[in-house]
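Written out below as structure tokens is the structure these notes cover.
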Amino acid sequence: MLERKVAKRLILSLATWRNLVSFIHIDPAVRADVQDIESLVLDIDWGNGVDPATLPDFEMQARQARYRLVATAALQRNIRDLFLGHHQDDQVETILMRLIRNPSTSFLGLQGMAEESAIPCCEDIRGAHEVEQYEPLPDWLFHIDGTVSNVSESKRGINFAKQVTVSRKGGLRMHRPLLQFPKSRLIQTCKDNGVIYQKDKTNDDPTLTLRNAVRDLRKDRHGSNNEQHLPRALQAHSILQLCEHARKSTSSLMARGTEVLRMIKVDIFDLRCGSMTMTVPKNFVAACETDLAAGANALARLTSAISYQSRDDVPTLVPKERVLEFLEACRSPRSRSLTIQKVLLEKPDNDTVNSEDNQVRWKLSRPPMRSSEVKSAEQRFRPKVDGFSGEETTGTSQMDLDTVGGVWSDWILWDHRYWMRVRVPDTASVPEVHVRPYRQSDAPYVFSALNKEDSIMLRKILAEAGPGKLRYTLPVLTYQNRLLLFPTLNVLVPDLSTRDPGTVSIQCPLLDWEICYKVLDQPFIVEQARAIRWRNAVVRRDGDT
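Heads up: the sequence shown is residues 11 to 555, going by our numbering.
Dropping the structure here:
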């Protein structure tokens, strides 16, 4: 009875708050009655002549397009909380679908939909998972550790002294307040209170999607959701018990993984190249040997801070074999190098930080790019478009009033690691600015364009921030195929034809740029942020020498 009162209150509240709540409906172009719904209707563009119902992976493509449309619409309207209408029947269907697709799935795949979560499929939409505005590194440090005070960033350098920083966690949150209620109860509550509801007739076609087929399977021969004809293991009560057990198991795994991660000390995080140096004590190895699952979770979360994997592809566990390989490398006195989840882990020969405690130092970095990755890593900037008018916009920097004027590009996510945007004099210049990896063939031009002093400086920076092949994973910005700058290093490359460093600001079309590393919200980073040596500009605290 209490649950019914809650459902009634929520439905009536939504009906009452129509002027305060935005209703968004995504039309997959397979319904004929969508025009009768009073809400913001967003259409999925499948391309000319494409019937979405005939696509073999229609359900997955529709899901991705739906979330991306909702995220974009929400951000344009300054909406941060999204309330979805998924109910208990949807939850049961989701778990049954996962069992059908992968009968041997672990408990990790049986948790169903969460009551609150981040929005999926939107990694490259700035603001979906992070605060959109650029924030200097000292400000980011203060937000995650309020005890950090008297922090200053060097004001020397170009680009209004802006340096590569870290994206602060934020963005959109999805809420599913109706998961505990079956659909029948929600419908009855609407009927009892005179609330009009719309039925999606495409849900009745069992041949359209797997979910529809599962939904049809759960109906009895009279078309109702009376599950008595199903084996007990397939009935809602059993499926929901399975879901609850999976959630408890996952929660336990994450807690154990967090405790293992806290044993690691992060010494250096170099934002210029996205590398991390850490110290691994012997008790970490012992803990992983005792609880391999916790070790697998710890390694997955550890490598996620550096990996160029898509956010949606980051696993909860790394394979057992990779955990054992890493532990063996920790015990070995020899130098070792291995790759886990698209992260290169390197241990120098006999590099024991403390022989008595047998602590070992590791460096994590992006592996050298393959030729296919180099090609896909070249992106062009796009003018920022106003979400309401559809027109290109001009903007002002978040940092300094002196940057007024020009046109900001939209944010782009490069290599799943760096967010960046540029400001140029006019809209036509924006698509001419590209970002790509630094190449070995760039070196002759770069060092010929720089004067002797700047060449020496850049060589020193590359030796520290990009030793060996790591430098060929650094982003560079180009304009009409001319290399302009290293945005993470804040090094401008003058136009070789001018031979006059004093004219760089005239020759370079960039008025401003902002670059942020991806969100770093793992506890082992957040809890150590105060002690980590962050490398980009010079960051000073009271007491530093």
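Yeah, the Cβ is synthetic: ideal placement off N, Cα and C, and Gly gets one too.
Would you kindly report the start and end of the unbroken alpha helix (DSSP H) that includes residue i?
i	result
residue 526	Unbroken run through residue 526 is the beta strand (DSSP E), 522-527; no alpha helix (DSSP H).
residue 348	Per DSSP, residue 348 belongs to no alpha helix (DSSP H); it is in the beta strand (DSSP E), 346-350.
residue 77	68-86
residue 124	No alpha helix (DSSP H) holds residue 124; DSSP gives it neither H nor E.
residue 103	98-111
residue 338	330-341
residue 201	193-202
residue 65	Looking at the DSSP string, residue 65 is not in any alpha helix (DSSP H), and its letter there is neither H nor E.
residue 534	533-536
Check residue i in the structure and name its three-state DSSP category.
i	result
residue 422	strand
residue 467	helix
residue 177	coil
residue 456	helix
residue 450	helix
residue 474	helix
residue 482	helix
residue 148	helix
residue 373	strand
residue 301	coil
residue 389	strand
residue 153	helix
residue 139	coil
residue 311	helix
residue 212	helix
residue 322	helix
residue 220	helix
residue 488	strand
residue 53	strand
residue 225	helix
residue 252	helix
residue 501	strand
Label residue i either buried or exposed according to how many other C-beta atoms from any shown protein chain fall within 10 Å of its C-beta, with 16 as the threshold for buried.
i	result
residue 450	exposed
residue 3	Only positions 11 to 555 of the chain appear in the structure, and residue 3 is not among them; the question remains open.
residue 177	buried
residue 90	exposed
residue 86	exposed
residue 241	exposed
residue 204	exposed
residue 112	exposed
residue 217	exposed
residue 60	exposed
residue 280	buried
residue 286	buried
residue 423	buried
residue 139	buried
residue 491	exposed
residue 211	exposed
residue 500	buried
Give me, in chain order, the residues of the same chain whose beta-carbon lies closer than 6 Å to that of residue i; leave out the 5 immediate sequence neighbours on both sides.
i	result
residue 536	154
residue 299	none
residue 295	337 and 340
residue 267	304, 307 and 308
residue 220	107
residue 230	236 and 239
Starting from residue i and walking both ways along the beta strand (DSSP E), at which residues does that stretch end?
i	result
residue 185	183-185
residue 243	That residue, residue 243, is in no beta strand (DSSP E); it is neither H nor E in DSSP.
residue 91	91-93
residue 432	428-434
residue 353	353-357
residue 496	492-496
Whose C-beta lies closer than 7 Å to the C-beta of residue i among residues of the same chain, with five residues either side of it excluded?
i	result
residue 319	351, 352 and 426
residue 95	188
residue 398	Residue placement at residue 398 cannot be trusted, given a pLDDT of 42 that sits under 50; what the coordinates show is reported in the next sentence. Counting only Cβ-Cβ distances below 7 Å, and skipping sequence neighbours, we find 86.
residue 108	115, 119 and 120
residue 264	307
residue 344	359
residue 104	122 and 123
residue 541	none
residue 137	85 and 181
residue 543	277 and 278
residue 322	130, 131 and 133
Is residue i near the ligand MN, in the sense that its beta carbon is under 7 Å from a heavy atom of that ligand?
i	result
residue 327	Within the structure as shown, the ligand MN is missing, as the structure has no ligands at all.
Quick one: what's got a C-beta closer than 8 Å to residue i's C-beta in the same chain, skipping five residues either side?
i	result
residue 520	432, 433, 434, 443, 487, 489, 494 and 495
residue 192	97, 98, 99, 235 and 246
residue 539	151, 154, 155 and 158
residue 248	242
Which complete alpha helix (DSSP H) runs does the segment 258-296 hold, if anything under 4 residues is left out? none
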